[in-house]
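The listed protein sequences derive, respectively, from chains D and W. Residue numbering for the first sequence follows numbering that gives the first Met the number 0, beginning at 0 and increasing consecutively. Residue numbering for the second sequence follows numbering that gives the first Met the number 0, beginning at 0 and increasing consecutively.
2 protein chains.
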Amino acid sequence: MPYAIEFWFEFGSNYSYLSAMRIEAAARATGAPLAWRPFLLGPVFRELGWESSPFLAQREKGEYVWRDMARRAAKYGLPFRRPSVFPRRALLPMRVALLAAGEPWMGEYCRRIMHLAWAEDREIDDPAPVLAALAGLAPDPQALVAQAGGEAAKAALRDRTAQARRLGLFGAPSFIVDGELFWGDDRLEDALEAAAKCG
Amino acid sequence: MPYAIEFWFEFGSNYSYLSAMRIEAAARATGAPLAWRPFLLGPVFRELGWESSPFLAQREKGEYVWRDMARRAAKYGLPFRRPSVFPRRALLPMRVALLAAGEPWMGEYCRRIMHLAWAEDREIDDPAPVLAALAGLAPDPQALVAQAGGEAAKAALRDRTAQARRLGLFGAPSFIVDGELFWGDDRLEDALEAAAKCG
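Shown next, in the form of structure tokens:
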């Protein structure tokens with residue numbers, strides 16, 4: 000039995016997009032159980048002393064990231080549009096993701112939100128896009144969105160983010176397999192291999 | 000005919016080690032001509048506003064890098080020892096590398112220097128290890144090392160480093176194929192693919 004793979008991600012993270020679109024099928028092919036771990040990257044960056052995405056801190060690197068994204072998306076056959084806003088706020092869809100993390104439709108929900116943000120360059124931190132993404136998946140999207148705006152859901156996402164810090168996470172996507180950290184979409188295959196090996 | 004692949008690297012860069020050990024065989028397999036481009040990473044980092052390696056700027060990321068290095072080296076079947084000194088000075092072997100960049104034994108020289116630094120945790124910024132690496136390769140190692148200490152060789156490496164900045168390089172290893180920049184050992188395969196495709 001392969002180990003589980005924990006997928007730590009954030010809708011506002013461009014490399015998380017690449018992994019979120021691929022990971023469910025990839026984990027299924029390996030037989031590794033997949034645990035979705037939405038967490039907020041902003042507070043983690045701020046605690047590490049960065050005001051915003053490290054991609055914004057350095058112009059050359061920042062420009063390179065979008066070229067790299069376009070190439071990587073093409074390699075995976077994923078649509079990609081360079082965002083007009085970066086980083087993009089994602090609080091509401093993230094809170095919904097945490098509430099829905101154990102649902103069988105979690106993967107599809109995440110892919111829909113990611114598609115809005117990274118293929119359509121749309122804002123996602125609003126009830127409308129979140130409700131659209133939940134349509135046909137959640138039994139009561141309105142109730143779920145209302146719940147996501149409540150104090151308990153907010154606290155839960157803060158706790159999850161604090162847990163990310165305790166685990167030593169410093170970026171997204173990150174994968175954890177049997178306590179071992181893998182960072183970056185380009186380590187997804189290594190993480191899956193570790194999950195399959197450790198069985 | 001595939002495009003050439005330019006390999007921009009520095010002996011003091013750990014991820015450059017992974018690429019330097021693999022690139023000659025990989026390029027040969029693709030048929031892409033390989034151009035060795037040694038440059039100094041330190042001045043580039045300083046111009047970008049970093050005092051030293053970005054891996055030292057952030058503890059979690061820094062620790063992760065060594066874990067990642069160990070895993071990646073194992074994946075490629077390369078020996079690796081976490082260095083007792085980082086970043087390690089490499090001025091003399093870098094100047095020799097620039098002088099030798101067009102020689103048929105350049106690859107073997109680079110692999111020997113890299114092996115000393117990253118598999119044996121040895122200092123490399125001295126005549127002794129450089130002479131050892133040149134043994135049996137260069138017709139007159141002593142003369143080459145003497146030449147590398149001269150003003151012309153120093154200026155040449157400074158010029159090459161300035162060229163790296165003009166090209167927008169911000170880290171190593173970097174690969175350039177037909178004007179397109181690829182950054183990081185984990186993009187070597189993409190760069191080779193681009194070289195093969197663009198033919």
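We treat Cβ as the ideally placed atom computed from N, Cα and C, and that holds for glycine. Just so it is clear, the structure is predicted and the values come from calculations on it, not from any experiment.
>> Which residue marks the beginning of the alpha helix (DSSP H) containing D/F181, and which one marks its end?
In response: Indexing the first sequence from 1 puts residue 181 of chain D at position 182. In this chain, D/F181 is not harboured by any alpha helix (DSSP H); it is covered by the beta strand (DSSP E) spanning 179-182.
> Can you give, in chain order, each stretch of the alpha helix (DSSP H) that sits fully within the segment 103-143 of chain W and has at least 4 residues?
Replying inline: Segments of the alpha helix (DSSP H) lying fully in the segment 103-143 of chain W: 105-117, 126-133.
> Is DSSP giving W/R80 helix, strand or coil here?
Replying inline: Stepping through the second sequence from its first residue, residue 80 of chain W is reached at position 81. In the structure shown, W/R80 sits in coil (DSSP, three-state: anything other than H, G, I, E or B).
> Hey, out of D/R157, D/F85, D/A155, D/D139, whose CA is closest to D/I123's CA?
Replying inline: Taking the first residue of the first sequence as 1, we reach residue 123 of chain D at position 124. The shortest Cα separation from D/I123 among D/R157, D/F85, D/A155, D/D139 belongs to D/F85.
> By Cβ distance below 8 Å, which residues in the same chain neighbour W/A100 in space, the five residues on each side in sequence not counted?
Replying inline: Indexing the second sequence from 1 puts residue 100 of chain W at position 101. Result list for W/A100: A34, W35, R36, P37, in chain order.
> Quick one: Cα of D/M93 to Cα of D/R87, how far?
Replying inline: Looking up residue 93 of chain D in the first sequence gives position 94. Looking up residue 87 of chain D in the first sequence gives position 88. Cα-Cα distance, rounded: 12 Å.
>> Between which residues of its own chain and W/P128 is the CB-CB distance below 8 Å, once the five residues before and five after are set aside?
In response: For the purposes of this step, residue 128 of chain W is identified with residue 129 of the second sequence, where counting begins at 1. So the qualifying residues of the chain are P92, I112, L115, R121, E122.
>> Counting only C-beta atoms, is W/F169 closer than 8 Å to chain D at any point?
In response: One-based indexing of the second sequence puts residue 169 of chain W at position 170. At a cut-off of 8 Å between C-beta atoms, W/F169 counts as an interface residue with respect to chain D.
>> Can you tell me whether D/A131 sits near the ligand NAD, meaning its C-beta is under 7 Å from at least one heavy atom of the ligand?
In response: What this structure holds is no ligand at all, so the ligand NAD is not there to describe.
>> Using a 10 Å radius around the Cβ and a threshold of 16 neighbouring Cβ atoms, would you call D/P140 buried or exposed?
In response: Against the first sequence, residue 140 of chain D aligns to sequence position 141. The residue is buried, with at least 16 neighbouring Cβ atoms inside 10 Å.
> With distances taken from CA atoms, which of D/N13, D/F79, D/L133, D/Y75 is nearest D/P103?
Replying inline: What you label residue 103 of chain D is simply residue 104 of the first sequence in a count that begins at 1. Nearest C-alpha to D/P103: D/L133.
> If you measure from the beta carbon of D/R70 to each beta carbon in chain W, is any gap under 8 Å?
Replying inline: As a working note, residue 70 of chain D is residue 71 in the first sequence. Taking 8 Å as the threshold, the shortest C-beta distance from D/R70 to chain W falls below it.
> Whose C-beta lies closer than 8 Å to the C-beta of W/E46 among residues of the same chain, with five residues either side of it excluded?
Replying inline: By 1-based counting over the second sequence, the position of residue 46 of chain W is 47. Sequence-distant partners of W/E46 (beyond 5 residues in either direction) whose C-beta falls short of 8 Å from its own C-beta, in its chain, are R164.
> Where does D/R36 fall in DSSP's three states?
Replying inline: By 1-based counting over the first sequence, the position of residue 36 of chain D is 37. In the three-state reduction of the DSSP assignment, D/R36 falls in the strand class.
>> Output needed for D/A190: all residues of its chain with C-beta closer than 6 Å, excluding positions within five of it in sequence on either side, in chain order.
In response: Numbered from 1 along the first sequence, position 191 holds the residue referred to as residue 190 of chain D. Apart from the 5 residues on each side of it in sequence, D/A190 sits with its Cβ closer than 6 Å to the Cβ of I4, F174, V176, F181 in its chain, given in chain order.
> Would you say W/D124 faces chain D, with C-beta separation under 8 Å as the test?
Replying inline: The residue labelled residue 124 of chain W in the question sits at position 125 within the second sequence. Cβ-Cβ to chain D under 8 Å: no for W/D124.
> Counting only beta-carbon atoms, is W/D177 nearer than 8 Å to chain D?
Replying inline: Along the second sequence, read from residue 1 onward, the residue named residue 177 of chain W stands at position 178. At a cut-off of 8 Å between beta-carbon atoms, W/D177 makes no contact with chain D.
>> Quick check: the Cα distance between D/M105 and D/G11, rounded to an integer number of angstroms?
In response: Here residue 105 of chain D refers to the residue found at position 106 of the first sequence. Here residue 11 of chain D refers to the residue found at position 12 of the first sequence. Each residue's Cα considered, the two are about 17 Å apart.
>> DSSP three-state label for W/S173, please.
In response: The residue labelled residue 173 of chain W in the question sits at position 174 within the second sequence. When DSSP states are grouped into helix, strand and coil, W/S173 belongs to the strand group.
> What distance in whole Å lies between the Cβ atoms of W/E9 and W/A89, which are believed to be in contact at a cut-off of 8 Å?
Replying inline: Residue mapping note: residue 89 of chain W aligns to position 90 of the second sequence, counting from 1. Residue mapping note: residue 9 of chain W aligns to position 10 of the second sequence, counting from 1. Sure, about 7 Å apart at Cβ, within 8 Å.
>> Taking 8 Å as the threshold (beta carbon to beta carbon), is W/L180 in contact with chain D?
In response: One-based indexing of the second sequence puts residue 180 of chain W at position 181. Yes, its Cβ sits closer than 8 Å to a Cβ of chain D.
> What residue does the alpha helix (DSSP H) around W/W65 start on, and which one ends it?
Replying inline: Translated into positions along the second sequence, residue 65 of chain W becomes position 66. Taken as a continuous stretch (DSSP letters only), the alpha helix (DSSP H) holding W/W65 covers 58-75.
> What is the residue span of the alpha helix (DSSP H) that W/E23 lies within?
Replying inline: Start at 1 with the first residue of the second sequence, and residue 23 of chain W comes out as number 24. For W/E23, the enclosing alpha helix (DSSP H) covers residues 13-29.
> From the DSSP output, which residues share a beta bridge with W/W7?
Replying inline: The sequence position of residue 7 of chain W within the second sequence is 8, counting from 1. W/W7 pairs with W/R36, W/S173.
> Taking 8 Å as the CB-CB limit, is W/K60 close to chain D?
Replying inline: By 1-based counting over the second sequence, the position of residue 60 of chain W is 61. It does; some Cβ of chain D falls within 8 Å.
> Taking C-beta to C-beta, are W/L143 and W/V43 nearer than 8 Å?
Replying inline: Indexing the second sequence from 1 puts residue 143 of chain W at position 144. Indexing the second sequence from 1 puts residue 43 of chain W at position 44. No, the Cβ-Cβ distance between W/L143 and W/V43 is not below 8 Å.
>> I'd like the span of the alpha helix (DSSP H) that includes W/M93, first residue to last.
In response: The count along the second sequence starts at 1 and reaches residue 93 of chain W at position 94. Its alpha helix (DSSP H) spans residues 90-99.
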